[in-house]
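S.K.: Protein chains in written order, with the UniProt record's numbering: chain B, 1 to 210; chain D, 1 to 210; chain E, 1 to 210; chain Z, 1 to 210.
There are 4 protein chains.
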Amino acid sequence: MKKNSKEAIVTAAISLFNTNGFSGTSIRDIAELAKVNTATIAYYFEHKLGLLEYCFTYFFEQYINKIEEAYASIDHGAKGCLKRLVANLLHYQCENNHLASVVYREMSVDSQIVREIMSTYSLKEKYYLQKIFEKGFEWNEFRPHSIPYLIIQLKGLLMMPFMNTNYLREVLYIFPNEPFFEQKYLKEINFWIDKTLSFEIREKKEAFIK
Amino acid sequence: MKKNSKEAIVTAAISLFNTNGFSGTSIRDIAELAKVNTATIAYYFEHKLGLLEYCFTYFFEQYINKIEEAYASIDHGAKGCLKRLVANLLHYQCENNHLASVVYREMSVDSQIVREIMSTYSLKEKYYLQKIFEKGFEWNEFRPHSIPYLIIQLKGLLMMPFMNTNYLREVLYIFPNEPFFEQKYLKEINFWIDKTLSFEIREKKEAFIK
Amino acid sequence: MKKNSKEAIVTAAISLFNTNGFSGTSIRDIAELAKVNTATIAYYFEHKLGLLEYCFTYFFEQYINKIEEAYASIDHGAKGCLKRLVANLLHYQCENNHLASVVYREMSVDSQIVREIMSTYSLKEKYYLQKIFEKGFEWNEFRPHSIPYLIIQLKGLLMMPFMNTNYLREVLYIFPNEPFFEQKYLKEINFWIDKTLSFEIREKKEAFIK
Amino acid sequence: MKKNSKEAIVTAAISLFNTNGFSGTSIRDIAELAKVNTATIAYYFEHKLGLLEYCFTYFFEQYINKIEEAYASIDHGAKGCLKRLVANLLHYQCENNHLASVVYREMSVDSQIVREIMSTYSLKEKYYLQKIFEKGFEWNEFRPHSIPYLIIQLKGLLMMPFMNTNYLREVLYIFPNEPFFEQKYLKEINFWIDKTLSFEIREKKEAFIK
DNA sequence: CATGAATGAGTTTTCATTCAT
DNA sequence: GATGAATGAAAACTCATTCAT
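(1) Distance cutoff 8 Å, beta carbons only. Does Pro144 of chain E sit that close to anything in chain Z?
(2) How about Arg28 of chain Z and Thr19 of chain Z: do their beta carbons lie closer than 8 Å?
(3) Taking Cβ-Cβ distances below 8 Å as the criterion, which residues of the region 159-181 of chain E are in contact with chain Z?
(4) Report the option in B:Ser111, B:Tyr173, B:Lys35, B:Tyr127 whose CA atom is closest to the CA atom of Phe22 of chain B.
(5) Evaluate Gln153 of chain B with the Cβ neighbour count: other Cβ atoms within 10 Å of its Cβ, from every protein chain shown; 16 or more gives buried, anything less gives exposed.
(6) Run through the DSSP bridge pairs and tell me what Phe142 of chain B is partnered with.
(7) Please determine if the region 88-106 of chain B and the region 48-67 of chain B are in contact, where contact requires at least 3 C-beta pairs separated by less than 8 Å.
(8) For Phe191 of chain B, would you say it is in contact with chain D, using Cβ-to-Cβ distances shorter than 8 Å as the test?
(9) By the 10 Å Cβ neighbour count, where 16 or more other Cβ atoms means buried, how is Lys155 of chain B classified, buried or exposed?
(10) Can at least three beta-carbon pairs, one atom from the region 177-196 of chain D and one from the region 6-14 of chain D, be found at a separation below 8 Å?
(11) Identify whether Thr11 of chain B lies in helix, strand or coil by the three-state DSSP scheme.
(12) Could you tell me whether the Cβ of Lys140 of chain E comes closer than 8 Å to any Cβ of chain Z?
(13) Who are the near neighbours of Gly136 of chain B in its chain, counting only those whose CB is closer than 6 Å to its CB and skipping five residues on each side?
(14) Just to confirm my understanding: we take Leu129 of chain E, look at its own chain, exclude 5 residues before and 5 after, and list those with CB closer than 6 Å. What are they?
(15) Within 10 Å of its beta-carbon, does Ser26 of chain E have 16 or more other beta-carbons around it, so buried, or fewer, so exposed?
(16) Under 9 Å Cβ-Cβ, which residues of chain Z neighbour Lys124 of chain E?
(17) Considering just the uninterrupted stretch of the alpha helix (DSSP H) at Leu158 of chain E, what are its terminal residues?
(18) Buried or exposed for Arg84 of chain D, going by 16 or more other Cβ atoms inside 10 Å?
(19) Given a limit of 7 Å on CB to CB distance, which residues of the UniProt domain "HTH tetR-type" (3-63) of chain Z reach chain E?
(20) Taking DSSP as the reference, what is the three-state secondary structure of Glu106 of chain B?
(21) Smallest Cα separation from Leu172 of chain Z: which of E:Ser119, E:Asn65, E:Asp75?
(22) Ends of the alpha helix (DSSP H) at Lys187 of chain E?
(23) Starting from Glu170 of chain Z, follow the alpha helix (DSSP H) in both directions and report where the run begins and ends.
(24) Can you pull the chain E neighbours of Lys131 of chain Z, defined as C-beta to C-beta under 8 Å?
(25) Please name the residue, chosen from B:Glu125, B:Tyr167, B:Phe199, B:Leu168, that lies closest to Glu69 of chain B on a Cα-to-Cα basis.
(26) State the CB to CB distance for the pair Thr40 of chain E and Phe191 of chain Z, rounded to an integer number of angstroms; the pair is presumed to be in contact (CB under 8 Å).
(27) Helix, strand or coil for Thr25 of chain Z, going by three-state DSSP, please let me know.
(28) Would you mind telling me which residues of chain E sit closer than 9 Å to Leu157 of chain Z, beta carbon to beta carbon, in chain order?
(29) Could you pull the start and end residues of the alpha helix (DSSP H) that Ile117 of chain D belongs to?
(30) For Ser198 of chain B, which of B:Leu168, B:Ser73, B:Phe162, B:Pro144 has the nearest alpha-carbon?
(31) Let me confirm a value: Pro179 of chain Z is counted as buried when at least 16 other C-beta atoms fall within 10 Å, else exposed. Which label applies?
(32) Runs of 4 residues minimum, wholly inside the region 42-105 of chain B: which ones carry the alpha helix (DSSP H) assignment?
(33) For Ile193 of chain E, count neighbouring C-beta atoms within 10 Å of its own C-beta (all shown protein chains included) and say buried if the count is 16 or more, exposed if not.
(34) Measure the alpha-carbon distance for Ser122 of chain E versus Cys55 of chain B and round it to whole angstroms.
(35) Below 8 Å on the Cβ atoms is my guess for Ile9 of chain Z versus Ala34 of chain Z; work out the distance and round it to an integer in Å.
(36) Where does Tyr104 of chain B land, buried or exposed, given buried means 16+ other C-beta within 10 angstroms?
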């Protein structure tokens, strides 16, 4: 029987980081949950931070993939592209909600590795979003607007349920891992895209006339 | 010059919790930064968690005040009331952005004290938001909609800049503590209230006819 | 009853470093022997290396003092001064033979702290020896000779019994901490000073004639 | 190109033991430098101590050979024999200066294996030195003197440059592995043999008359 | 009001070693 | 002949807390 220690460690780590935070979780707890020796963790990840780093890159590699996958359709319209992107990301987050929670929370502390991750993946993400918004402006799909502030809002909407899972669960009785949450919440963001981000049809006409 | 140790401790704690997280900060680090002995911290707060608890209640007491202050004007219209509430909270967060960051991040870990805080303050907040939304529906100011999902969006927009300060700074070059950020971002949320949450005037008429 | 933990730690450390070497000694062993908690060691010396650093400076501060004390008499003749210096150092080493053994052995490994100690104390020592030799040449007391090579020999003679205590004890049955060793060995080094370093009286005359 | 793992391991070990000491060097460090797996070291040397043992015997086997080679010429005079011995040993140490440093340093810690090595090789060495000195006394070549104290001095002079390589390099700017060091330093020791150990010619005559 | 000294318990990390392959 | 995976044990270090002063 071959036991896949590495995978077991990562799974245990994500689960514990999610509930207790990275610093609040000890290597021993992880080892115990993963049923391996603490030294095995060092064997695969060198040190505790290496485990977090692994989570980061594991998460963002796929995250960027989802974005690029959606971005491929940019020529069929910016709005459709953005909606696809949102759908992709929301789906990805729902599927990996624990990991997403961990990553988003730990990205908010100030550390070398966070800066590295940001300068790699977040900049990439920004690049694609910027492109989509610019095209949307150009093609009169989106109301002209400050791109950084649009990004804040979009990401705020997208990340909120995964950064505040406790709150959703305890206060709003909403569970981001439940089957219908994804489609319901997708509608919400699409609504924001339609109403706040996009021109109304009426406005479009006016813009067109000009 | 009399040194106010307690205040120095709290200031140091907020600053360090902000950059390293609660678990990632040691009593010794705080003591060092506050230029007091570690025993002094224990003297004032008994244990480390007491310090976090202090931050939580200190933050939320005022937070709820801001909400109640705005809510007082509910009879002049739900939309105006909500906008006042958003303005109040945004202003409060901007003024206390480090504390806000700390509180929001630590509210996302699973612990006894977080549950207590939620069942006190978050429920209160929910109560007021609910009231405002209900009135808004009743008075045909807001599009009828699932209240929990509206809360998610509103809070997502409100909290985002303070939960992802690193990202705003490093990737978008936006600084939530700068003078103009507050008014700029307030406009954004108001825009969301006007466009996504509220009826358009046209829609309003139609709704009125029905 | 006030217990002087710091002193107990240093004494224990020297004893264990002497028998097992610095790297071969664990903080726990020291703590156990000193009858304190391991954390107490960290409290006083921060980390293990700090303990070694303390030993180094503790040793060399006094070591240099002994040299300077002897050097004060340089104007009464270089040879007498050098003999006084040798007597002082030999006496100091005999009195602190364990510490001397530890220091000499650990000075032979390559580390940041060793380089620092050398650039402070060893250079000072070199300065004084150089002065004494130069005066000795000038005053026709010593045979002109390469100073570095004289230093090697002198220090070789001086340090040998403390760098090879095992050998002296197990092979030669000589114990550097025994009462008569000091005076016996002092005679040996003085003999070297008289015979190898100094002119013979006969030679001196010849040198004088020239 | 066939890779000779065992040799690579020994070379790496000597180099690392030299800079960090035996206890300060880990199997992993050696494995890394030798570009082999840690298990390979266990494969060849069973345990870490085996590696040190190997170094000891490897060094001392040749060391004793050099002594015996010189001792063979005892009948041509004790002084010449001793000078040959010194020349041999100095040359051997210079050629293997890292190994010599390692061996001499580790011989100063207290351990089972050190005691074994001493009771084998050091006793042998002592035997030959003793013989040479005794002959020297008998043949009126050497001043009668305590043999153990002569051994201390001779070994002190011989070992010093290899037990304090850091010091020579950093403070005196002398490099025991440089081409001319060997012959220069040999002269120094020979000078000690001539001046401190041997009779002066004049003295010899007097001794002869008696 | 505040702290220096000290610690027990816990943390991460390191290490030599083992073993199936 | 050599190694990748894994580990038990121990190492160094950290931490929150206590207590006499």
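Just so it is clear, CB atoms sit at the ideal spot from N, CA and C, and this is done for glycine as well.
Every value quoted in this text rests on a predicted model; they were computed, and no experiment measured them.
M.R.: So, from the data block:
(1) For Pro144 of chain E, no CB of chain Z lies under 8 Å from its own CB, so it is not counted at the interface with that chain.
(2) Arg28 of chain Z places its beta carbon 8 Å or farther from that of Thr19 of chain Z.
(3) Within the region 159-181 of chain E, the qualifying residues are Met159, Met160, Pro161, Met163, Asn164, Thr165, Asn166, Tyr167, Leu168, Glu170, Val171, Leu172, Tyr173, Ile174.
(4) Measuring C-alpha to C-alpha distances from Phe22 of chain B to each of B:Ser111, B:Tyr173, B:Lys35, B:Tyr127 identifies B:Ser111 as the nearest.
(5) Under this definition Gln153 of chain B is a buried residue.
(6) Paired residue(s): B:Ser198.
(7) Three or more beta-carbon pairs separated by less than 8 Å link the region 88-106 of chain B to the region 48-67 of chain B, which places the two stretches in contact.
(8) Chain D, which has a Cβ nearer than 8 Å to the Cβ of Phe191 of chain B, makes this yes.
(9) Buried, by the Cβ-count rule.
(10) No, the region 177-196 of chain D is not in contact with the region 6-14 of chain D.
(11) Note: Thr11 of chain B maps to helix in three-state DSSP.
(12) Looking at the sequence provided, one finds Asn at residue 140 of chain E rather than Lys. Proximity of Asn140 of chain E to chain Z, defined by a Cβ-Cβ separation below 8 Å, is not satisfied.
(13) Closer than 6 Å at Cβ, skipping near neighbours: Ala78, Phe142.
(14) Contacts found: Ile151.
(15) Exposed.
(16) Simply none; closest approach about 10 Å.
(17) 147-163 is the extent of the alpha helix (DSSP H) around Leu158 of chain E.
(18) Here Arg84 of chain D is buried, its C-beta having at least 16 other C-beta atoms within 10 Å.
(19) Of all residues in the UniProt domain "HTH tetR-type" (3-63) of chain Z, only Thr19, Asn20, Gly21, Ser23, Gly24 come within less than 7 Å of chain E when Cβ atoms are compared, listed by chain position.
(20) Under the three-state reduction of DSSP output, Glu106 of chain B falls in the helix class.
(21) Closest by alpha carbon: E:Ser119.
(22) From DSSP, the alpha helix (DSSP H) with Lys187 of chain E extends over 179-192.
(23) No alpha helix (DSSP H) holds Glu170 of chain Z; DSSP gives it neither H nor E.
(24) Result: empty, since nearest Cβ-Cβ is about 15 Å, beyond 8 Å.
(25) If we check each option's Cα against that of Glu69 of chain B, B:Glu125 comes out closest.
(26) So it is not a contact: roughly 52 Å between Cβ atoms.
(27) Thr25 of chain Z: coil per DSSP, three-state reduction.
(28) Contacts between Leu157 of chain Z and chain E, judged by CB atoms closer than 9 Å, involve Ile152, Gln153, Gly156, Leu157, Met160 in chain order.
(29) Note, Ile117 of chain D: alpha helix (DSSP H), 112-117.
(30) Among B:Leu168, B:Ser73, B:Phe162, B:Pro144, the Cα nearest to that of Ser198 of chain B belongs to B:Pro144.
(31) With fewer than 16 Cβ atoms within 10 Å of its Cβ, Pro179 of chain Z is classed as exposed.
(32) Runs of alpha helix (DSSP H) with 4 or more residues, each lying fully within the region 42-105 of chain B, are found at 48-71, 78-95, listed in chain order.
(33) Its Cβ being crowded by 16 or more others within 10 Å, Ile193 of chain E is buried.
(34) Between Ser122 of chain E and Cys55 of chain B, the C-alpha separation is close to 50 Å.
(35) That pair is a contact at about 5 Å.
(36) It is buried - the Cβ of Tyr104 of chain B has at least 16 other Cβ atoms within 10 Å.
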